[in-house]
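Engineer: Residue numbers (this note's numbering): 2 to 187.
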């Protein structure tokens, strides 16, 4: 049997930063090749990087949110590309703006199907949301690490809210331990 921790895969890393000044997004959109800016659809300018693949959402306030990266290294690399592109437009940006990882979304596979009804009862309703008519997964809020896990009948998991990759490892460990203790992992 494969260790579920071996199946952990980062699906998305979201990070934020700021350049400490307001931007005229209309001007930036005209000068920044490949930028998408439609303020009636979305208040920010969208700039996509290809290597690594990501989307930077640039707001008038100077805040930037980067999403779609597959690792924390990639999210940093993508933001450095954005900083350089903005510097090329004569926008002064400090050497090393602080980048904060807001959310890491990971997937994993427990390797066997799950009885979500039994799990909902076993784990207790205070940390669980399970309404199969509304959503096919069971929502499990963990305190340590502070993440939310979606468990599916297929045995697949989605873990969101982590700030570093180790949070997913810890969450998978907690979930497999709890389910094994309850006799619900095969």
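Using N, Cα and C, we set each Cβ at its ideal position, and we do this for glycine too.
Being a predicted model, the structure only gives us computed values, none of them experimental.
Let me check understanding here. Comparing Cα to Cα, which of 31, 165, 95, 130 lies closest to residue 106?
Structural biologist: 165
Engineer: In terms of residues, what are the limits of the alpha helix (DSSP H) holding residue 17?
Structural biologist: Careful: residue 17 lies outside any alpha helix (DSSP H), inside the beta strand (DSSP E) at 10-19.
Engineer: Which of helix, strand or coil does DSSP assign to residue 109?
Structural biologist: strand
Engineer: Secondary structure at residue 69, three-state DSSP: helix, strand or coil?
Structural biologist: strand
Engineer: Secondary structure at residue 130, three-state DSSP: helix, strand or coil?
Structural biologist: strand
Engineer: Just to check my reading of the structure: residue 9 and residue 173 have Cβ atoms closer than 8 Å, yes? What is that Cβ distance to the nearest angstrom?
Structural biologist: 6 Å
Engineer: Find out if the Cβ-Cβ distance for the pair residue 54, residue 69 is shorter than 8 Å.
Structural biologist: yes
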